[in-house]
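Just so you know, full-length UniProt numbering puts 85 at position 85 of the sequence shown, and the rest follows in order with no gaps. One structure is given below, encoded as structure tokens.
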Amino acid sequence: MLKIIKTLFLVGIIFVIFYIVISIYLVKFDSTSPLGQNLRKSIIKYPFLVSFINLNQPGDNRYAYVSAHNPTISVKVFYTPNVIPDTDISTWITNMMTETVGKKIDLEMLPLTEAEALSYSDQDLNLIRKNNESEKFNNPVLNIYYLTSYAEKPSYLGLTLHRDTIFIFKQTMLDISEKLEITKRLEQSTVSHEWGHLLDLPHIEELGCVMSNYLETYENWPMKESMIPLTHCWSTLYALDKLKASAR
Numbered sequence: 001m002l003k004i005i006k007t008l009f010l011v012g013i014i015f016v017i018f019y020i021v022i023s024i025y026l027v028k029f030d031s032t033s034p035l036g037q038n039l040r041k042s043i044i045k046y047p048f049l050v051s052f053i054n055l056n057q058p059g060d061n062r063y064a065y066v067s068a069h070n071p072t073i074s075v076k077v078f079y080t081p082n083v084i085p086d087t088d089i090s091t092w093i094t095n096m097m098t099e100t101v102g103k104k105i106d107l108e109m110l111p112l113t114e115a116e117a118l119s120y121s122d123q124d125l126n127l128i129r130k131n132n133e134s135e136k137f138n139n140p141v142l143n144i145y146y147l148t149s150y151a152e153k154p155s156y157l158g159l160t161l162h163r164d165t166i167f168i169f170k171q172t173m174l175d176i177s178e179k180l181e182i183t184k185r186l187e188q189s190t191v192s193h194e195w196g197h198l199l200d201l202p203h204i205e206e207l208g209c210v211m212s213n214y215l216e217t218y219e220n221w222p223m224k225e226s227m228i229p230l231t232h233c234w235s236t237l238y239a240l241d242k243l244k245a246s247a248r
């Protein structure tokens, strides 16, 4: 009898290990399947599992950003010598965090050691993030990289490829802006737009909202200062309220 119990116990352990391995595979490498999508939706509610499994798509870290257990978000802004952030970045990122997740920020400005390039491919962006990856912190981290332009789609002003990182292509903004005030407003709006993607907010068609699909690329956007949005619309704020209510 004891031998049977031991055998059943061993079989149970093997089944659990097999289930865990298959689940991790589906979540990381087959997230487009219905089962993989459902598993991912469940797992990302636990930030420690997101980190442990290393889920790394935009939106995967959203529950860490809105969790009441994390009152502060560590914001690390990386820049190259010729592409620097707006001097008021601390003020408007603080306001952005207050509006969206109600968190304080711990802001750090860091010069990039990599040589500046005329443009950056996806492979370049992945390598930059890897080389400057933040150490483990108690607070969730938001990385913002100020670079020149995007090689894959030169019209892009900003981009998210990972769960915790925004790439801003400021040289592109400077090239299309007629005056400094437009560049400053466009920079703030683009950071807010990409931050929305990290919170899994979808594009909307309203022009006066930072999640407008017109902000994705300058080809769709009339470059008038007053038309560049800086705040969220009621629909995205409602989506954020639902996200915060569902966070553990």
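Idealized CB from N, CA, C, for every residue including glycine.
Counting only residues of its own chain and dropping the five nearest sequence neighbours on each side, residue 206 has a CB closer than 7 Å to the CB of 212 and 233. Here residue 164 is buried. Its C-beta has 16 or more other C-beta atoms within 10 Å.
The residue from 63, 86, 76 and 129 with its alpha-carbon nearest to that of residue 171 is 86. When the Cα atoms are used, residue 94 and residue 40 turn out to be separated by approximately 30 Å.
Counted as a single uninterrupted DSSP element, the beta strand (DSSP E) harbouring residue 77 occupies residues 72-79. If you ignore the 5 residues before and after residue 158, its C-beta comes within less than 6 Å of the C-beta of 168, 190 and 194, all in its own chain and listed in chain order. Within 10 angstroms of the beta-carbon of residue 123 lie fewer than 16 other beta-carbons, which makes it exposed. Residue range 180-198 is occupied by the alpha helix (DSSP H) that includes residue 187. Listed in chain order, the non-local C-beta contacts of residue 83 below 8 Å within the same chain comprise 116, 146, 147, 148, 170 and 171, local neighbours out to five positions each way being set aside. Secondary structure of residue 227 (DSSP, three-state): helix. Three or more beta-carbon pairs separated by less than 8 Å are not found between the stretch 47-64 and the stretch 175-186, which leaves the two stretches without contact. The Cβ atoms of residue 47 and residue 74 do not sit closer than 8 Å to each other. Residue 108 carries a strand assignment under DSSP once its states are collapsed to helix, strand and coil. Counting along the chain, the unbroken beta strand (DSSP E) around residue 166 starts and ends at 165-169. Counting every other CB atom within 10 Å of its CB across the protein chains shown gives residue 104 a total below 16, marking it as exposed.
Shown here, residue 146 sits in a strand according to DSSP, grouped into three states.
In terms of Cβ geometry, residue 134 and residue 179 do not form a close pair [threshold 8 Å]. Across the structure, residue 177 and residue 225 are spaced so that their CA atoms are roughly 9 Å apart. Between the alpha carbons of residue 196 and residue 51 lies a distance of about 20 Å. With a beta-carbon spacing of about 5 Å, residue 80 and residue 112 fall inside the 8 Å limit used to define contacts.
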